[in-house]
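Data first, discussion second: the structure below is written as structure tokens.
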Amino acid sequence: MLSLAGQLLTLFGIGIFVGFINILAGGGSLLSLPLLIFLGLPSATANGTNRIGILMQNVVAIAGFHQQNVMPWRISLLAAVPAVAGAIAGAQLAIDLPDDQFKRALALTMIGVLILIVADPSKRLRENPRPLTGWRLLAFVIGFFGVGVFGGFIQAGVGFLIILVMALTGFDLVATNAVKVIVVFIFTIAALAVFIMNSHVDYLLGAALGFGNALGGYIGTRYAVRKGHAWIRGFVIIVVIAFSLYLLWDSLS
Numbered sequence: 001m002l003s004l005a006g007q008l009l010t011l012f013g014i015g016i017f018v019g020f021i022n023i024l025a026g027g028g029s030l031l032s033l034p035l036l037i038f039l040g041l042p043s044a045t046a047n048g049t050n051r052i053g054i055l056m057q058n059v060v061a062i063a064g065f066h067q068q069n070v071m072p073w074r075i076s077l078l079a080a081v082p083a084v085a086g087a088i089a090g091a092q093l094a095i096d097l098p099d100d101q102f103k104r105a106l107a108l109t110m111i112g113v114l115i116l117i118v119a120d121p122s123k124r125l126r127e128n129p130r131p132l133t134g135w136r137l138l139a140f141v142i143g144f145f146g147v148g149v150f151g152g153f154i155q156a157g158v159g160f161l162i163i164l165v166m167a168l169t170g171f172d173l174v175a176t177n178a179v180k181v182i183v184v185f186i187f188t189i190a191a192l193a194v195f196i197m198n199s200h201v202d203y204l205l206g207a208a209l210g211f212g213n214a215l216g217g218y219i220g221t222r223y224a225v226r227k228g229h230a231w232i233r234g235f236v237i238i239v240v241i242a243f244s245l246y247l248l249w250d251s252l253s
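Residue numbers (our numbering): 1 to 253.
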């Protein structure tokens with residue numbers, strides 16, 4: 001077991017890498033959440049602690065979009081309402097699950113998200129967004145409630161689900177990226193509040209991870225191509241497969 005100083009340094013370094021990956025390819029929480037569990041935190045506490053890093057990184061991302069004058073508040077707030085309701089339910093479900101069952105659910109979810117990473121739903125995003133009316137509005141609200149449940153429960157890979165919902169309801173890439181960071185920021189506050197009320201957050205470890213996430217995200221926005229790099233996505237896929245197999249083995253042993 002690492003000393004406290006060792007854990008803080010490890011999480012800060014992991015946070016930089018995760019923040020960088022999130023900008024380049026997405027799915028960084030698929031790495032940080034299992035690593036918090038591997039450091040010895042109970043699953044619920046690892047889940048709650050991971051939200052601090054996500055929150056801090058999204059503050060940096062929102063600031064970046066604000067500088068570019070790309071802030072679709074109306075659509076984002078419309079998406080955030082069902083997402084917050086879903087996130088509260090999802091976070092409580094995560095807290096209520098025993099450790100072994102959560103590890104199993106996380107492993108299976110990671111494998112499912114890998115399919116989304118490979119499928120790359122951003123390819124379905126349109127050049128010209130369609131009006132959000134009728135069945136598209138209904139699908140949008142239901143879709144973001146599901147996004148919230150998933151985000152509150154595990155969070156890892158939720159960005160790919162948001163891209164999928166936005167693609168299926170007719171949005172373009174610019175709106176999707178901005179909506180994603182705003183909605184994740186808002187529903188993460190709600191989910192984090194549930195974990196805090198149930199005493200499942202390690203603030204010190206979360207701060208180390210969060211500062212690393214913010215720095216990595218900043219570096220990524222300065223040096224990255226927005227669509228990501230194939231080698232990083234491939235690396236994420238390999239590591240996630242290894243982590244998911246280990247979590248499955250650990251939960252069944």
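We put the CB at the ideal spot given by N, CA and C, even for glycine.
Residue burial classification, residue i (beta-carbon count within 10 angstroms, cutoff 16)
| i | result |
| --- | --- |
| residue 228 | Note that residue 228 scores 48 on pLDDT, short of 50, meaning its location in the model is unreliable; the coordinates nonetheless yield the value given after this. Label assigned to residue 228: buried. |
| residue 101 | exposed |
| residue 20 | buried |
| residue 3 | exposed |
| residue 216 | buried |
| residue 133 | exposed |
| residue 16 | buried |
| residue 38 | exposed |
| residue 103 | buried |
| residue 98 | exposed |
| residue 74 | exposed |
| residue 269 | The structure shown does not extend to residue 269, since the chain is modelled only from 1 to 253, so the question has no answer here. |
| residue 247 | buried |
| residue 6 | exposed |
For residue j and residue i, believed in contact at Cβ under 8 Å, the rounded distance
| i | j | result |
| --- | --- | --- |
| residue 22 | residue 33 | That belief does not hold up - the Cβ atoms of residue 22 and residue 33 are roughly 13 Å apart, past 8 Å. |
| residue 179 | residue 61 | Actually they do not touch by this definition, with Cβ atoms about 12 Å apart. |
| residue 193 | residue 168 | Incorrect: roughly 29 Å between the Cβ atoms, too far for contact. |
| residue 141 | residue 162 | That belief does not hold up - the Cβ atoms of residue 141 and residue 162 are roughly 14 Å apart, past 8 Å. |
Cut-off 6 Å between Cβ atoms - residues of its own chain near residue i, not counting five sequence neighbours on either side
| i | result |
| --- | --- |
| residue 225 | Unreliable placement is indicated for residue 225, whose pLDDT of 46 sits below 50; no coordinate value is reported for it. |
| residue 116 | 160 |
| residue 57 | 19, 213, 214, 217 |
Own chain, CB closer than 7 Å to residue i, minus 5 neighbours either side, in chain order
| i | result |
| --- | --- |
| residue 119 | none |
Cβ shell of residue i (< 8 Å), same chain only, five flanking positions each side left out
| i | result |
| --- | --- |
| residue 205 | 7, 8, 11, 36, 39, 41, 49 |
May I have a chain-ordered list of the alpha helix (DSSP H) segments no shorter than 4 residues that lie completely inside the region 61-107?
73-96
Along the chain, which unbroken stretches of the alpha helix (DSSP H) at least 4 residues long are found entirely within the region 3-57?
4-24, 29-38
Enumerate, from N- to C-terminal direction, the unbroken alpha helix (DSSP H) stretches of 4 or more residues contained entirely within the region 168-198.
173-197
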